[in-house]
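Residue numbers (UniProt numbering): 1 to 226.
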């Protein structure tokens, strides 16, 4: 059974979606704001997320960014915002499709089926162990030996990219583009500095890393296990 998380602060829409999705064989969980959505996603590991952008505590694009830090589950935006700029912002943040309110339930169910087919695969887990460090990408928390470790926003961005590509070589250029922007594709000293900081915080022996590896002249690689 496909698990769907529906996020909307309008009780009538939430109830209608829950009833209709359940009637069509989906396992449905719900959330009424962004914080609850992120907690629910980490707890139930949904196969698909239906998300309103106008939430009371944060913008839906922030929720998308938080989800994309650890999961590739398809995200279908359901929003009253019809402007092309809103659609572009949501899709750029990582959404897979966009439906404007008011909506036809038949069309919405068809969109749900379509993005569910494109998604496939097993849901990702937001918890990663890196040596003696436990990294919760959904909550953006790191604990090591029972103590919380603080990471800067830039460190989080780098770590998320590497952890979402276990075993894969991520090039210097890709990391620089995704974290700092295309005008920084030659600033490899930025990567050396921040990777050194991450190793000091997360590796047992930063001078001999076993998880956050450098491929000289090419890029970096996250090795989950030794």
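No residue lacks a Cβ here, since even glycine has one placed at the ideal position from N, Cα and C.
| Three CB pairs or more closer than 8 Å across the region 133 to 143 and the region 88 to 104 | no
| field | residue 72 (DSSP reduced to helix, strand or coil) | value | Position 72 of the chain shown, counted from the start, is the residue given in the question as residue 72. Here residue 72 sits in coil by DSSP.
| field | Coil, strand or helix - residue 59 by DSSP | value | For the purposes of this step, residue 59 is taken as the residue at position 59 of the chain shown. Correct three-state label for residue 59: strand.
| query | Run through DSSP, which three-state label would residue 29 get? | reply | Counted from its first residue, the chain shown places residue 29 at position 29. Here residue 29 sits in strand by DSSP.
| Alpha carbon of residue 68 to alpha carbon of residue 159, nearest angstrom | In the chain shown, counting from the first residue as 1, residue 68 sits at position 68. In the chain shown, counting from the first residue as 1, residue 159 sits at position 159. Using only the alpha carbons, I get a separation of about 13 Å.
| Buried or exposed: which applies to residue 24, given that a residue is buried once 16 or more other Cβ atoms fall within 10 Å of its Cβ? | On the chain shown, position 24 is the one that residue 24 refers to. Exposed, by the Cβ-count rule.
| Which runs of the beta strand (DSSP E) spanning at least 3 residues fall entirely within the region 71 to 140, listed in chain order? | 75 to 79, 97 to 100, 127 to 130, 133 to 136
| Roughly how many whole angstroms lie between the Cα atoms of residue 210 and residue 203? | For the purposes of this step, residue 210 is taken as the residue at position 210 of the chain shown. For the purposes of this step, residue 203 is taken as the residue at position 203 of the chain shown. Whole-angstrom Cα-Cα distance: 7 Å.
| query | By a C-beta neighbour count over all protein chains shown, 10 Å radius and 16 as the cutoff for buried, is residue 215 buried or exposed? | reply | Numbered from 1 along the chain shown, position 215 holds the residue referred to as residue 215. Classification of residue 215: exposed, given that the 10 Å Cβ count is below 16.
| query | Measuring CB to CB, does residue 74 end up less than 8 Å from residue 7? | reply | The residue you call residue 74 lines up with position 74 of the chain shown. The residue you call residue 7 lines up with position 7 of the chain shown. Result no, Cβ atoms of residue 74 and residue 7 do not sit closer than 8 Å.
| task | Please classify residue 172: is it buried, with 16 or more other beta-carbons within 10 angstroms of its beta-carbon, or exposed? | result | As a first step, residue 172 must be located in the chain shown, where it is residue number 172. Residue 172 is buried by the Cβ-count criterion.
| request: Could you tell me how far apart the beta carbons of residue 5 and residue 56 are, in whole angstroms, since I believe they sit closer than 8 Å? | output: The count along the chain shown starts at 1 and reaches residue 5 at position 5. The count along the chain shown starts at 1 and reaches residue 56 at position 56. Rounded, the Cβ-Cβ distance is 17 Å, inconsistent with contact.
| said: So, for residue 38: in the same chain, excluding its five sequence neighbours on each side, which residues have a beta-carbon less than 8 Å away from its beta-carbon? | reply: As a working mapping, residue 38 is identified with position 38 in the chain shown. Here the set comprises 63, 66, 67, 138, 139.
| When burial is assigned at 16 or more other CB atoms within 10 Å of the CB, is residue 183 buried or exposed? | The count along the chain shown starts at 1 and reaches residue 183 at position 183. Flag for residue 183 reads exposed.
| field | CA-to-CA distance, residue 27 to residue 54, given in whole angstroms | value | Position 54 of the chain shown, counting from 1, holds the residue named residue 54. Position 27 of the chain shown, counting from 1, holds the residue named residue 27. Each residue's alpha carbon lies about 24 Å from the other.
| said: My output table needs one value for residue 51: the three-state DSSP class, helix, strand or coil. | reply: By 1-based counting over the chain shown, the position of residue 51 is 51. The answer is strand: DSSP assigns residue 51 an E or B state.
| message | Could you check whether residue 149 and residue 201 sit closer than 8 Å to each other, using their CB atoms as the reference points? | response | Indexing the chain shown from 1 puts residue 201 at position 201. Indexing the chain shown from 1 puts residue 149 at position 149. Their beta carbons are under 8 Å apart, which means residue 201 touches residue 149 by this criterion.
| request: Could you check the C-alpha separation between residue 189 and residue 219 for me, to the nearest Å? | output: Numbered from its first residue, the chain shown carries residue 189 at position 189. Numbered from its first residue, the chain shown carries residue 219 at position 219. Taking the straight line from one Cα to the other gives about 12 Å.
| task | Note down, one range per segment and in chain order, each alpha helix (DSSP H) of at least 4 residues found wholly within the UniProt domain "OmpR/PhoB-type" (125 to 224). | result | 153 to 163, 172 to 179, 188 to 202
| task | May I ask you to report which of helix, strand or coil DSSP gives residue 38? | result | The residue you call residue 38 lines up with position 38 of the chain shown. In the structure shown, residue 38 sits in a helix (DSSP, three-state: H, G or I).
| task | Return the chain-ordered list of same chain residues with a C-beta closer than 7 Å to the C-beta of residue 33, the five sequence neighbours on each side being excluded. | result | Here residue 33 is taken as the residue at index 33 of the chain shown, counted from 1. Here the set comprises 9, 55, 56, 57.
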